[in-house]
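Residue numbers (my numbering): 1465 to 1756.
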Amino acid sequence: MSPSELFTLVTGFIVNHKLWSSIILIILVMAVREPIIKGVRKRSKRKGVDRRSTISTIRNLTNFVVFILIFILWSDDIKDFALSIAAFTVAIILATREYVQCLLGFVYLSSTRAFSVGDWIEIDGQYGEVANRDWLKVTLLEVDNQTYTYTGKTLTIPNNRFVTQSVKNLNYLRRYASHTFHITLEPTKNVVPFKAFLVEKAEEYCAPFNDVATRYSMLIEKRLDVSISGPEPDIQITTNELAHIVVAITIFCPTELAVEIEQKLIADFMALWFGDAVLPVTTDVESCEEQL
């Protein structure tokens, strides 16, 4: 059989058996795509590189190619079908408007590059790491914004929400965070002398990574063109509407150490508050001089 005869036979089969041709096309694409994705995953695990963005791109690209080929294959039938249901066009548009909005949202996200797979984002008070994104939705692995740990929950957010709501890219929090926590107490003691001691303890806990934190803080400020708190610890003493003392402590530290350092500083403060620890003489004198 000559190549021309084979080509005629194949095209004839495709034209006369569109359903089977579509099924075969989908199977062939998946048979080629899945080994490629598995190879990318194995290579990424071996090299320790995150390739989820590449895998997402491969899937979206192959889905787009399959959609175009099937659309071309069925174009004549689609045209006849569209003409035959012209009276129902408005109803179809109304019924599928959410999907259309999601598709437009995918185009919007792709053009603005607001985030990519692996980034931490916040939308409508929900925090998470982008695990996957496709034409209709974005899948997030939920992250607790207080402890910076995964909750084990998965969030599925339609793409149209990213068009109507603001999105915060929190990717820099994956390594270092400007972590703020509060201690609220009854106004039975003067906590001002505690301030210098707590700053000293915070600097002690942050000393092992202070150089890296300084460089990372400068990098964030350069990229975002804003000033952020840190890397020096900061302590503010205020009162709330109930006349309680509120001690706000801010530290710039590795994300995975934020809660650990917070607990150490709270323990130091409570030891002073309940008299289990004594302020160093130098610190107490300096605090009194500051008050004078």
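Cβ atoms here follow ideal geometry from the backbone N, Cα and C, with glycine treated the same way.
It should be emphasised that the depicted structure is a prediction, and the values quoted were computed from it without experimental measurement.
Within 10 angstroms of the beta-carbon of Pro1499 lie fewer than 16 other beta-carbons, which makes it exposed.
Going by DSSP, Tyr1669 is part of the alpha helix (DSSP H) stretching over 1658-1670.
Runs of the alpha helix (DSSP H) lying entirely within the region 1592-1646 and spanning at least 4 residues, in chain order: 1625-1628. Contact between Gly1582 and Phe1626 is ruled out by a C-beta separation of about 17 Å, above the 8 Å threshold. Taking a C-beta distance under 9 Å as the contact criterion, Phe1673 and Pro1622 do not qualify as a contact pair. Closest in alpha carbon position to Met1734, among Tyr1636, His1646, Asn1524, is His1646. From the listed residues Leu1525, Ser1630, Gly1592, Lys1659, the smallest Cα separation to Leu1736 is found for Lys1659. Restricting attention to Val1496, Phe1528, Ala1641, the CA atom closest to the CA of Val1571 is found in Phe1528. For Trp1538, there is no enclosing beta strand (DSSP E), as DSSP gives it neither H nor E. One Cα belongs to Ile1709, the other to Asp1588, and the distance between them is close to 31 Å. Sequence-distant partners of Ile1534 (beyond 5 residues in either direction) whose C-beta falls short of 6 Å from its own C-beta, in its chain, are Ser1486. The shortest C-alpha to C-alpha distance from Asn1654 to any of Thr1644, Leu1537, Thr1703 is the one to Thr1703. Residue nearest to Thr1714 within the set Leu1683, Leu1706, Ala1641, Glu1668 is Ala1641 (criterion: CA-CA distance). Contact between Tyr1591 and Asn1609 holds, since their C-beta atoms are separated by about 5 Å, short of 8 Å. In the DSSP assignment, Thr1702 forms a beta bridge with Val1710. In this structure, the beta-carbon distance from Arg1515 to Arg1505 falls below 9 Å.
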